[in-house]
Amino acid sequence: MEHTNEMTNKIKITNRSINPNIVLAEEELQALLKNNDWLINISKSILKNIPDSFIAMKNILMLCDHQGYITNLTGELEIIQWLFERGFKLGTCMDYESSGLNAVSLALQTMQLSEVEGRLHHCVSLRRWSSVATPVQFEGNTVALINLMTPVTVETSENRVIVQLLSDYISIRLEKGRGSHCLAGKSAFYGTLILNTDLNLTIKEIDVIYRLYKGDKLAELPRLMSLSSNTIKSHLKSIYSKFGVSKLSECLEEVHLLL
Numbered sequence: 001m002e003h004t005n006e007m008t009n010k011i012k013i014t015n016r017s018i019n020p021n022i023v024l025a026e027e028e029l030q031a032l033l034k035n036n037d038w039l040i041n042i043s044k045s046i047l048k049n050i051p052d053s054f055i056a057m058k059n060i061l062m063l064c065d066h067q068g069y070i071t072n073l074t075g076e077l078e079i080i081q082w083l084f085e086r087g088f089k090l091g092t093c094m095d096y097e098s099s100g101l102n103a104v105s106l107a108l109q110t111m112q113l114s115e116v117e118g119r120l121h122h123c124v125s126l127r128r129w130s131s132v133a134t135p136v137q138f139e140g141n142t143v144a145l146i147n148l149m150t151p152v153t154v155e156t157s158e159n160r161v162i163v164q165l166l167s168d169y170i171s172i173r174l175e176k177g178r179g180s181h182c183l184a185g186k187s188a189f190y191g192t193l194i195l196n197t198d199l200n201l202t203i204k205e206i207d208v209i210y211r212l213y214k215g216d217k218l219a220e221l222p223r224l225m226s227l228s229s230n231t232i233k234s235h236l237k238s239i240y241s242k243f244g245v246s247k248l249s250e251c252l253e254e255v256h257l258l259l
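Quick note, the sequence shown lines up with residues 1 to 259 if you use the working numbering.
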């Protein structure tokens with residue numbers, strides 16, 4: 001949060017407003033959505049797995065293109081409608097010129113994960129939420145930004161982790177979609193499996209399968225993880241059950257399909 005305050009001071013908070021200044025016309029919006037169709041579809045397939053309980057807490061997940069234009073909003077319909085009536089909808093630009101200080105405009109300037117407390121938003125309509133946004137990287141370029149908006153009355157300590165996991169998850173799905181067969185990085189690997197609520201893997205189980213995924217030998221895991229052989233076997237039994245497989249090679253095949 002210190003970084004946000006520092007940037008806020010540099011920007012100089014003036015011109016508080018209620019609505020954003022730049023919203024695409026229908027023809028321009030359709031062109032935006034068409035140009036980002038691949039990214040939007042991949043992101044939607046991920047965001048639809050977000051638990052209902054998370055959305056019920058009045059959180060909003062916003063996907064923007066690399067320039068900050070909103071391409072998708074996930075949340076309760078009533079809240080989406082409320083934002084729509086105040087100009088925050090598909091095709092709205094969240095950069096500083098249009099919407100002043102917010103997590104997306106800050107992330108666009110810093111090109112890294114950024115936070116903005118509710119009271120610091122320039123647009124009055126956004127002050128109900130505290131926001132965390134981060135760029136989505138693909139082949140070394142920023143192709144999108146993911147923004148998590150949480151009511152100011154709700155604890156937000158985990159939001160940085162959630163947003164980074166979502167960003168990493170989208171990035172690896174983009175890589176998979178382009179036929180990349182490189183091993184996933186650790187953060188993307190953990191993000192993919194943590195966010196897969198169907199598997200419901202524990203962190204320790206993900207630790208075990210990640211080591212095997214990156215090439216560590218099964219016989220070496222007790223030493224590498226400072227766990228007993230029986231504990232490793234117990235974790236593997238649970239992992240196999242959750243993946244619906246009976247041996248390690250089948251389990252790793254399933255992991256590769258997810259990634």
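We put the beta carbon where it would ideally sit given N, CA and C, even for glycine. In this text the structure is predicted, and so the values were computed from the model without any measurement.
Asked	Found
What would DSSP say about Leu-24, mapped onto helix, strand or coil?	coil
Within the same chain, show all residues whose beta-carbon is closer than 6 Å to that of Ser-262, passing over the 5 residues directly before and after it, in chain order.	Any property of residue 262 remains undetermined from this structure, which presents the chain solely from 1 to 259.
Under 8 Å: do the stretch 34 to 50 and the stretch 76 to 91 share three or more Cβ pairs, one atom per stretch?	no
Rounded to whole angstroms, how far is the Cβ of Ser-147 from the Cβ of Ser-131, which I believe are closer than 8 Å?	Note on residue identity: the sequence assigns Asn, not Ser, to residue 147. Right, their Cβ atoms sit about 6 Å apart.
If you draw a straight line from the C-alpha of Lys-242 to the C-alpha of Asp-216, how long is it?	21 Å
Nearest CA to the CA of Asn-141: which residue from Val-163, Glu-115 and Met-111?	Met-111
Note down, in chain order, each residue of its chain lying with its Cβ closer than 8 Å to the Cβ of Gln-337, except the 5 sequence neighbours on either side.	The structure shown does not extend to residue 337, since the chain is modelled only from 1 to 259, so the question has no answer here.
Taking 8 Å as the threshold (C-beta atoms), are Asp-65 and Leu-32 in contact?	yes
Tell me which residues share the same chain as Arg-160 and place their Cβ nearer than 8 Å to its Cβ, disregarding the 5 neighbours each side in the sequence.	Leu-113, Glu-115 and Val-132
When you compare the CB positions of Asn-59 and Met-149, do they come within less than 8 Å of one another, or not?	yes
Could you check if Gly-68 is buried or exposed, using at least 16 other CB atoms within 10 Å of its CB as the buried criterion?	buried
Run through DSSP, which three-state label would Glu-115 get?	strand
Tell me which same chain residues have a C-beta within less than 6 Å of the C-beta of Thr-202, skipping the five on either side of it?	none
With a threshold of 7 Å on Cβ separation, who are the neighbours of Lys-260 within its own chain once the five nearest residues in sequence on each side are excluded?	What the structure shows of the chain is the stretch from 1 to 259, and residue 260 is not part of that stretch, so it cannot be assessed.
Quick check on DSSP: helix, strand or coil for Ser-180?	Residue confidence for Ser-180 is low, a pLDDT of 46 falling below 50, so the modelled location carries little weight; the figure read from the coordinates is stated next. Reduced to three states, the DSSP call for Ser-180 is coil.
Give the DSSP-derived three-state secondary structure of Ser-226 in the structure shown.	coil
Which one or two residues does DSSP pair with Ser-130 in a beta bridge?	Thr-150
Provide the residue(s) that pair with Met-62 in DSSP beta bridges, ordered along the chain.	Leu-73 and Asn-147
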